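*Asks:* I am attaching a structure below and will ask some questions about it afterwards.
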Amino acid sequence: ILNVEQSPQSLHVQEGDSTNFTCSFPSSNFYALHWYRWETAKSPEALFVMTLNGDEKKKGRISATLNTKEGYSYLYIKGSQPEDSATYLCAFPLGGGGADGLTFGKGTHLIIQP
Amino acid sequence: NAGVTQTPKFRILKIGQSMTLQCTQDMNHNYMYWYRQDPGMGLKLIYYSVGAGITDKGEVPNGYNVSRSTTEDFPLRLELAAPSQTSVYFCASSHGLPQFFGPGTRLTVL
Numbered sequence: 317i318l319n320v321e322q323s324p325q326s327l328h329v330q331e332g333d334s335t336n337f338t339c340s341f342p343s344s345n346f347y348a349l350h351w352y353r354w355e356t357a358k359s360p361e362a363l364f365v366m367t368l369n370g371d372e373k374k375k376g377r378i379s380a381t382l383n384t385k386e387g388y389s390y391l392y393i394k395g396s397q398p399e400d401s402a403t404y405l406c407a408f409p410l411g412g413g414g415a416d417g418l419t420f421g422k423g424t425h426l427i428i429q430p
Numbered sequence: 013n014a015g016v017t018q019t020p021k022f023r024i025l026k027i028g029q030s031m032t033l034q035c036t037q038d039m040n041h042n043y044m045y046w047y048r049q050d051p052g053m054g055l056k057l058i059y060y061s062v063g064a065g066i067t068d069k070g071e072v073p074n075g076y077n078v079s080r081s082t083t084e085d086f087p088l089r090l091e092l093a094a095p096s097q098t099s100v101y102f103c104a105s106s107h108g109l110p111q112f113f114g115p116g117t118r119l120t121v122l
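This is how it looks when you write it as C-alpha cells:
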C-alpha cells in the first residue's frame with residue numbers, strides 16, 4: 317500500500333498572502349509525482365508532473381519543488397487570489413511507470429478570503 | 013476536442029440494480045482509468061486499461077467490471093449495486109503523464 321500524505325488538510329489564507337503546502341510520498345522506486353487542482357463542481361486538472369530530484373516547476377503564481385530522496389514536494393502560491401480557492405491533490409503512480417493508475421492524497425482544501 | 017466525456021452525470025439506483033457508466037475520449041490516448049471519490053478520501057483507482065483488449069484491477073475493484081473493446085471507450089459496469097458504491101466516479105485518460113479527467117458521474121444507491 318502506497319501512502320501519499322498531504323498537509324494541512326485545509327487552509328484559510330487572506331487574499332494577497334502567499335502560502336504553501338506539502339505532499340509526502342514513498343522515496344523508494346520514485347517515478348513521478350503529480351499535482352492536480354480541483355475546483356468545486358469541476359474535474360481535477362493537471363498542474364505539474366515532476367520527475368527529477370530538485371525539480372522546480374512554475375505556472376504563473378504557482379510553483380512546486382521536489383525532493384525524491386526524502387520523499388516530499390511543496391506547492392507554493394504567491395499572492396493568493398480568490399480564484400486560487402480549490403482542493404490541491406498530489407498523486408503517485410501505483411506501479412513503476414507512466415501507464416499506471418495513481419494513488420492520491422486526500423488533498424489540501426485552500427480557501428482564499430477577500 | 014471534447015476530451016473525456018462521461019454519461020450519465022447523475023444516477024440513482026436501487027440496491028441490486030445494475031448499470032453501466034460510460035466513458036469516451038477523443039484524444040487517441042492508450043491509457044484509461046476509472047476512479048471513485050468518497051467524502052474525506054482521496055481518489056481511489058478501480059480499474060485501468062493500457063490499450064484495447066487489456067484491463068487490470070486497481071485498488072478497489074470489487075463489485076465492478078470493465079471492458080475495453082476500442083481505444084475510445086472504457087465502460088464501467090456495476091452488476092449488483094450496493095450502498096457502499098454511492099460515490100462520484102471519474103474516468104481519466106492519458107498518453108502517460110499527466111492524466112486528463114472527465115466531468116464525473118454522481119451515483120447514489122438507495
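Line by line, the protein sequences are chains A and B. Each residue of the first sequence is one higher than the last, beginning at 317 in the working numbering. Each residue of the second sequence is one higher than the last, beginning at 13 in the working numbering. All C-beta atoms in this analysis are idealised placements derived from N, C-alpha and C, irrespective of residue type, glycine included. Note that the structure is predicted; figures quoted are calculated from it, not measured.
Report the start-end ranges of each beta strand (DSSP E) in the region 38-92 of chain B that is 3 residues or longer and not cut off at the edges.
*Replies:* Counting only runs of 3 or more, we get 43-49, 56-63, 66-69, 76-78 and 88-90.
*Asks:* In this structure, does DSSP put Glu-355 of chain A in helix, strand or coil?
*Replies:* Mapped onto the first sequence, residue 355 of chain A falls at position 39. If DSSP states are grouped into helix, strand and coil, Glu-355 of chain A belongs with coil.
*Asks:* For the region 406-418 of chain A against the region 83-93 of chain B, do three or more pairs of beta-carbon atoms, one drawn from each stretch, fall closer than 8 Å, so that the two count as touching?
*Replies:* Counting Cβ pairs under 8 Å, fewer than three are found: no touch.
*Asks:* Excluding the five sequence neighbours on either side, which residues of its own chain have a C-beta within less than 8 Å of the C-beta of Thr-67 of chain B, listed in chain order?
*Replies:* What you label residue 67 of chain B is simply residue 55 of the second sequence in a count that begins at 1. Cβ within range, chain order: Tyr-59, Tyr-60, Ser-61, Val-78, Ser-79 and Arg-80.
*Asks:* Could you say which of B:Phe-22, B:Val-121, B:Ser-105 and B:Gln-97 lies nearest to Ala-357 of chain A if we only look at CA atoms?
*Replies:* For this step, residue 357 of chain A is matched to residue 41 along the first sequence. For the residues B:Phe-22, B:Val-121, B:Ser-105 and B:Gln-97, the minimum Cα distance to Ala-357 of chain A belongs to B:Phe-22.
*Asks:* Rounded to whole angstroms, what's the CA-CA distance from Phe-113 of chain B to Asp-333 of chain A? Just pull it up for me.
*Replies:* Stepping through the second sequence from its first residue, residue 113 of chain B is reached at position 101. Stepping through the first sequence from its first residue, residue 333 of chain A is reached at position 17. C-alpha separation (whole angstroms): 30 Å.
*Asks:* From Pro-398 of chain A to Ile-428 of chain A, what does the alpha carbon distance come to, in whole angstroms?
*Replies:* The residue labelled residue 398 of chain A in the question sits at position 82 within the first sequence. The residue labelled residue 428 of chain A in the question sits at position 112 within the first sequence. Cα to Cα, the separation comes out at about 5 Å.
*Asks:* Would a check of beta-carbon distances place Gly-395 of chain A closer than 7 Å to chain B?
*Replies:* Here residue 395 of chain A refers to the residue found at position 79 of the first sequence. Chain B, which has no Cβ nearer than 7 Å to the Cβ of Gly-395 of chain A, makes this no.
*Asks:* Of the residues A:Gly-387, A:Leu-391 and A:Leu-368, which one's Cα is nearest the Cα of Lys-374 of chain A?
*Replies:* To locate residue 374 of chain A, count along the first sequence from 1; it is residue 58. If we check each option's Cα against that of Lys-374 of chain A, A:Leu-391 comes out closest.
*Asks:* Looking at the strands, I want to know which residues DSSP matches up with Ala-380 of chain A.
*Replies:* Within the first sequence, the letter at position 64 stands for residue 380 of chain A. DSSP output for Ala-380 of chain A lists A:Lys-373 and A:Leu-391 as bridge partner(s).
*Asks:* Measuring CA to CA, which of A:Ala-402, A:Cys-339, A:Glu-331 and A:Leu-318 is closest to Pro-324 of chain A?
*Replies:* Along the first sequence, one-based indexing puts residue 324 of chain A at 8. Out of A:Ala-402, A:Cys-339, A:Glu-331 and A:Leu-318, A:Cys-339 has the C-alpha closest to the C-alpha of Pro-324 of chain A.
*Asks:* Select from A:Val-329, A:Ala-348 and A:Gly-370 the residue whose C-alpha is nearest the C-alpha of Thr-419 of chain A.
*Replies:* As a position in the first sequence, residue 419 of chain A is number 103, starting the count at 1. Taking only the C-alpha atoms, the option nearest Thr-419 of chain A is A:Ala-348.
*Asks:* Give the DSSP bridge partners of Ser-401 of chain A, in chain order.
*Replies:* If you number the first sequence from 1, residue 401 of chain A lands on position 85. Ser-401 of chain A pairs with nothing; no bridge assigned.
*Asks:* Whose Cβ in chain B lies nearer than 7 Å to the Cβ of Ser-359 of chain A?
*Replies:* Within the first sequence, the letter at position 43 stands for residue 359 of chain A. Under the 7 Å cutoff, chain B gives Phe-102, Phe-113, Gly-114, Pro-115 and Gly-116.
*Asks:* First and last residue of the beta strand (DSSP E) that includes Tyr-101 of chain B?
*Replies:* As a first step, residue 101 of chain B is located in the second sequence; it is residue number 89 there, counting from the start. Start and end: 99-106.
*Asks:* From Ile-378 of chain A to Glu-361 of chain A, what does the alpha carbon distance come to, in whole angstroms?
*Replies:* Here residue 378 of chain A refers to the residue found at position 62 when the first sequence is read from its first residue. Here residue 361 of chain A refers to the residue found at position 45 when the first sequence is read from its first residue. Rounded to whole angstroms, Ile-378 of chain A to Glu-361 of chain A spans 14 Å at the Cα level.
*Asks:* Between the region 328-354 of chain A and chain B, which residues of the former have a C-beta closer than 7 Å to a C-beta of the latter?
*Replies:* Under the 7 Å Cβ criterion, the region 328-354 of chain A contributes Ala-348 and His-350.
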